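Participant: For the sequence shown, the positions run 2 to 229 when the working numbering is used.
The beta-carbon is built from N, C-alpha and C at its ideal position, and this holds for glycine as well.
Nothing here was measured: the structure is a model prediction, and the numbers come from that model.
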Amino acid sequence: EIEIANGEGVNLVDVTAVPRITIAQKLDCLSSQAKIAGHRAVLEAAHEYQKFFAPEITAAGKYPPCRVMVLGAGVAGLAAIGTAVSLGAEVRAWDVRDVSDQVESMGGKWFSVDFKEEGAGSGGYAKESSEAFKAAQKATFHKHAKECDIIITTAAIPGRPSPRLIEGYMVDSMKPGSVIVDLGAEGGGNCELTKKGESYLYKEKIRIIGYTDMASRMADQASTMFAA
Numbered sequence: 002e003i004e005i006a007n008g009e010g011v012n013l014v015d016v017t018a019v020p021r022i023t024i025a026q027k028l029d030c031l032s033s034q035a036k037i038a039g040h041r042a043v044l045e046a047a048h049e050y051q052k053f054f055a056p057e058i059t060a061a062g063k064y065p066p067c068r069v070m071v072l073g074a075g076v077a078g079l080a081a082i083g084t085a086v087s088l089g090a091e092v093r094a095w096d097v098r099d100v101s102d103q104v105e106s107m108g109g110k111w112f113s114v115d116f117k118e119e120g121a122g123s124g125g126y127a128k129e130s131s132e133a134f135k136a137a138q139k140a141t142f143h144k145h146a147k148e149c150d151i152i153i154t155t156a157a158i159p160g161r162p163s164p165r166l167i168e169g170y171m172v173d174s175m176k177p178g179s180v181i182v183d184l185g186a187e188g189g190g191n192c193e194l195t196k197k198g199e200s201y202l203y204k205e206k207i208r209i210i211g212y213t214d215m216a217s218r219m220a221d222q223a224s225t226m227f228a229a
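1) Can you tell which of L44, D173, D96 and E4 has the C-alpha that lies nearest to the C-alpha of G78?
2) Could you compute how far the alpha carbon of E49 sits from the alpha carbon of I153?
3) Ignore the nearest five residues each way along the sequence and tell me which others in M175's own chain have a CB closer than 6 Å to its CB.
4) For S200, does the three-state DSSP call read helix, strand or coil?
5) Considering only the beta carbon of each residue, do V43 and A81 sit closer than 8 Å?
6) Using the C-alpha atoms, what's the distance from S224 back to S163?
7) To the nearest whole angstrom, what separates the beta carbons of I231 and C30, a pair I think is in contact under 8 Å?
8) Return the chain-ordered list of same chain residues with a C-beta closer than 6 Å to the C-beta of P177, the five sequence neighbours on each side being excluded.
9) With DSSP as the reference, identify every bridge partner of E57, one or two as the case may be.
10) Among N191, Q26 and I5, which one has its Cα closest to the Cα of K135?
11) Would you mind working out which of A216, A25 and V172 sits nearest I209, comparing C-alpha positions?
12) Starting from T84, trace the alpha helix (DSSP H) in both directions and tell me its first and last residue.
13) Assign G83 to buried or exposed, taking buried as 16 or more other Cβ atoms, counted over all protein chains shown, within 10 Å of its Cβ.
14) Determine the burial state of T155: buried for a count of at least 16 other Cβ atoms within 10 Å of its Cβ, exposed for fewer.
15) Taking 8 Å as the cut-off, decide whether the C-beta atoms of T1 and E187 are in contact.
16) From the DSSP output, which residues share a beta bridge with D221?
17) Tell me which residues share the same chain as V16 and place their Cβ nearer than 8 Å to its Cβ, disregarding the 5 neighbours each side in the sequence.
18) In the DSSP assignment, find the unbroken alpha helix (DSSP H) run with E4 in it and report its ends.
19) What separation, rounded to the nearest whole angstrom, lies between the Cα atoms of F142 and R165?
20) Leaving out five residues before and five after A25 in sequence, what residues of the same chain have Cβ atoms less than 7 Å from its Cβ?
21) Among the candidates F112, S200, T195 and K52, whose CA atom is the shortest distance from the CA of V71?
22) What's the call for G10, buried or exposed, on a 16-neighbour Cβ count within 10 Å?
23) Can you check which of these residues, S32, I5, K117 and V182, is closest to L202 by C-alpha distance?
As C-alpha cells, this is what we get:
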C-alpha cells in the first residue's frame with residue numbers, strides 16, 4: 002500500500018514515529034493503544050484463568066488470590082498492573098529500567114534481577130541487555146513463573162524483534178491452568194512458545210495467548226483515544 006501511495010504522490014505520515022516527549026503526547030498513538038492493550042490483556046487472561054482474582058473466604062472454601070507477573074512496566078505494563086490489582090490479584094512486576102515507584106503507585110510489587118546494568122534506552126523505551134544480564138534475568142523469571150498463575154509480557158524494542166523473556170522450560174514449570182498473555186507477539190514474542198495471532202493450550206496445561214489485535218478488541222475505546 003505504501004508503494005501505491007508513493008506512486009500516486011500521496012503524502013503519508015507515520016504517527017507511530019511521533020517522539021515520546023511531553024509536547025507531543027496528544028499525538029502519541031502508541032501510548033494510547035498500548036494502554037488499551039495492557040488493560041485488555043488482563044481481561045483475556047481472566048477469561049481463560051476461570052478462577053477468582055481476589056482472595057475469597059466462603060462457606061464453599063477458602064481461595065487464595067491470583068498471582069500475576071507483569072514483565073515490562075511501560076504504558077501497557079502499568080495498565081495491566083492497574084487492571085489486575087483492581088480485580089483483586091496479587092501483582093508483581095519487573096522492567097529493565099528502575100520504575101519501582103511507578104509499579105508501586107499502581108498497586109503492584111516490584112521485583113528486580115540481582116545484576117547491575119542500566120536498562121533505559123532512548124525515547125523512553127528499554128535498550129537491549131547484555132548476555133550476562135539475560136542469564137540472571139531468566140533465572141529470576143523462572144523462579145517467579147513457578148509461583149504465578151498469570152504472566153503478562155509487554156517488552157518491545159521499536160524496529161527490532163521482541164526480547165525473549167520466557168523460555169519453554171519456564172512454561173513447563175508453571176502450574177496447570179496458568180495463562181500467559183504475550184503482548185510482544187507482533188515482534189516474534191517475549192515467550193518462546195508464543196504463536197503470533199493465536200491462543201492455544203500448551204501440553205493441555207498452559208494457555209498461551211499471542212493476539213496481535215488487543216486494542217482492536219476494544220475498538221470503540223481504541224478509536225476514541227486514537228482520534229483524541
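Facilitator: Per the coordinate set shown:
1) Out of L44, D173, D96 and E4, D96 has the C-alpha closest to the C-alpha of G78.
2) 13 Å
3) Closer than 6 Å at the Cβ level, and outside the excluded window around M175, lie A146 and I207.
4) For S200, the three-state secondary structure derived from DSSP is strand.
5) yes
6) 26 Å
7) This structure cannot settle anything about residue 231, because the visible part of the chain is limited to 2 through 229.
8) K206
9) Y64
10) N191
11) V172
12) Unbroken alpha helix (DSSP H) run through T84: V76 to S87.
13) buried
14) buried
15) One cannot answer for residue 1 here, as it falls past the ends of the chain, which runs 2 to 229.
16) Per DSSP, none; premise fails for D221.
17) L28 and C30
18) I3 to G8
19) 11 Å
20) V19
21) F112
22) Here G10 is exposed: its Cβ has fewer than 16 other Cβ atoms, across all protein chains shown, within 10 Å.
23) It is V182 whose Cα lies nearest to the Cα of L202.
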